[in-house]
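Heads up, the sequence shown is in the working numbering, so the first residue is 57 and it goes up one at a time. Note that the Cβ used here is the ideal one computed from N, Cα and C, for glycine as well.
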Amino acid sequence: MGFTVSQRKDRGTWVVRSTIDGRRSQRTFQTEGEARQYALKAGAQQQENAFNGVMGRKPKRTFSEGLQRMVSEYDVRSQKQHILLVAKWMDEHAPDVVIGQELLDAARKMQKALKEKGLAQSTINNRIQVVKRVLSLAYREWDWLDLPLDGKLRKPSPKNERHVYLTEPELAELLEAVPARYEVERQVILLAMLTGMRRGELLALEPGNVYSDRIVLKPNQTKNGKPRVIPLSDEAQLLVGALPFATTGDKVRVAFEKARETIGRQDIRFHDMRHCYASLLASKGETLTSIRDLLGHSSLTVTSRYAHADPARWDSVMARLPRISNQTATKH
57 MGFTVSQRKD
67 RGTWVVRSTI
77 DGRRSQRTFQ
87 TEGEARQYAL
97 KAGAQQQENA
107 FNGVMGRKPK
117 RTFSEGLQRM
127 VSEYDVRSQK
137 QHILLVAKWM
147 DEHAPDVVIG
157 QELLDAARKM
167 QKALKEKGLA
177 QSTINNRIQV
187 VKRVLSLAYR
197 EWDWLDLPLD
207 GKLRKPSPKN
217 ERHVYLTEPE
227 LAELLEAVPA
237 RYEVERQVIL
247 LAMLTGMRRG
257 ELLALEPGNV
267 YSDRIVLKPN
277 QTKNGKPRVI
287 PLSDEAQLLV
297 GALPFATTGD
307 KVRVAFEKAR
317 ETIGRQDIRF
327 HDMRHCYASL
337 LASKGETLTS
347 IRDLLGHSSL
357 TVTSRYAHAD
367 PARWDSVMAR
377 LPRISNQTAT
387 KH
């Protein structure tokens with residue numbers, strides 16, 4: 057990129073050539089002085105444009121545009137409620153906010169406002185995740201940003217975090233309590249128990265997601281936008297033969313609530329099936345790294361909450377400790 061001045065001796069003229077953003081151009085002058093003066097001014101203007109961000113500047117896009125594109129291109133059913141609430145907050149407090157630093161500032165204000173309102177940290181994190189995903193897609197997929205900004209939004213760990221871990225007999229009791237008229241919904245609930253998948257992921261399943269004895273989730277079907285492979289047990293394989301499930305999220309919710317009411321466990325939530333799956337895997341001796349990958353967690357920090365369910369890990373620690381008393385007796 058730049059300007060060069062050269063003489064065309066066959067014609068007695070001077071040529072200024074330039075290459076800007078891969079495009080070549082040239083201008084012809086009668087004297088060397090005219091050519092060099094033009095090159096000097098054009099070069100200075102080019103530097104000024106680059107400094108002010110005129111050249112190569114990406115068009116500004118609003119958060120509303122980003123949300124609409126995300127909803128149209130990705131399966132966001134698991135985030136539907138939070139997307140609507142975030143959109144409403146932005147419309148009221150930061151209308152037409154532009155994706156970039158403006159959006160970061162608006163998201164932080166929303167974070168503070170929701171905290172002052174008394175919302176749980178986990179709920180606030182879910183709202184912030186909507187903004188983070190738009191920022192991530194704007195940089196990594198849509199080429200709307202020159203720099204990644206999603207990492208600048210923090211999601212503090214919830215202090216009110218709750219997890220309910222059901223035993224295998226308790227899971228069976230819950231499943232048995234699903235009313236008979238909710239047969240499809242019962243299949244969804246059972247598959248949640250057997251795979252640890254989110255409700256939105258389950259309802260978005262298609263025949264193309266099943267490969268032999270495993271489910272392969274595509275990037276647009278997961279919460280973090282990364283593909284995930286989930287092995288299927290013999291029991292789970294029987295449930296994926298007629299995908300997609302002919303039901304809705306509301307019907308699954310109603311079926312689940314009726315089942316928990318029947319067994320007197322109003323404290324149980326559908327999402328707890330995911331925690332139960334992970335806890336059962338840990339109790340069977342599965343490694344935390346495997347559980348992390350099966351659940352689609354971003355790090356082992358999130359998965360480590362299930363470490364309590366693996367008592368065998370303490371046995372292996374004890375087995376590696378030396379016999380101190382024997383060594384002392386041998387020495388004496």
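Taking 6 Å as the limit between beta carbons, can you name the residues of its chain near residue i, skipping five residues before and five after?
i: Thr60; result: Arg73
i: Leu159; result: Phe119, Val153
i: Val244; result: Leu258, Phe301, Val308
i: Arg67; result: none
i: Asp206; result: Lys188, Leu191, Ser192
Let me check understanding here. Comparing Cα to Cα, which of the options lies closest to residue i?
i: Gly281; options: Gly305, His149, Val190, Gln102; result: Val190
i: Ser268; options: Ala292, Thr69, Phe326, Arg348; result: Ala292
i: Arg270; options: Ile139, Pro287, Thr278; result: Pro287
i: Tyr221; options: Val71, Asp328, Ser81, Ala150; result: Asp328
i: Ala176; options: Lys314, Ser213, Ser335; result: Ser213
i: Glu129; options: Leu193, Met253, Thr345; result: Leu193
i: Arg330; options: Leu227, Lys274, Leu295, Met146; result: Leu227
i: Val187; options: Leu203, Ala236, Thr251, Gln135; result: Gln135
i: Gly297; options: Leu205, Arg196, Pro204, Leu247; result: Leu247
Go ahead and label residue i buried or exposed: buried means 16 or more other beta carbons lie within 10 angstroms of its beta carbon, across all protein chains shown.
i: Leu261; result: buried
i: Gly112; result: Because Gly112 carries a pLDDT of 48, less than 50, the predicted location of this residue cannot be relied on, and no value is offered for it.
i: Val110; result: Since pLDDT at Val110 reaches only 45, below the 50 mark, its modelled position is unreliable, and no value is offered.
i: Leu96; result: exposed
i: Asp306; result: exposed
i: Ile319; result: exposed
i: Gly156; result: buried
i: Leu123; result: buried
i: Ala100; result: exposed
i: Ser335; result: buried
i: Arg79; result: exposed
Could you tell me if the beta carbon of residue i falls within a distance shorter than 7 Å of some heavy atom in the ligand PLP?
i: Ser289; result: The ligand content of the structure shown is nil, which means the ligand PLP is not present either.
Short of 7 Å in beta carbon distance, which residues of its chain neighbour residue i, apart from the five on each side in sequence? Order them along the chain.
i: Ile180; result: Gln167, Leu170, Lys171
i: Ile184; result: Ala163, Gln167, Leu209, Lys211
Under DSSP, the beta strand (DSSP E) around residue i begins and ends at which residues?
i: Leu277; result: The sequence shown places Gln at residue 277, not Leu. Per DSSP, Gln277 belongs to no beta strand (DSSP E) and is neither H nor E.
i: Thr84; result: 79-85
Per DSSP, what are the beta-bridge partners of residue i in this structure?
i: Gln63; result: Trp70
i: Arg270; result: Tyr267, Pro287
i: Val154; result: Thr118
Terminal residues of the continuous alpha helix (DSSP H) containing residue i?
i: Phe312; result: 305-318
i: Ile184; result: 177-196
i: Pro287; result: It is not in any alpha helix (DSSP H) - Pro287 instead sits in the beta strand (DSSP E) that spans 284-287.
i: Gly256; result: 255-259
i: Gln322; result: Here Gln322 belongs to no alpha helix (DSSP H), and DSSP marks it neither H nor E.
i: Lys136; result: 136-149
Ordered along the chain, which non-local residues of its own chain (more than five positions away) have a Cβ less than 8 Å from that of residue i?
i: Thr278; result: Glu257, Arg284, Gly352
i: Val71; result: Val61, Ser62, Gln63, Arg64, Gln82, Arg83, Thr84, Phe85, Ala91
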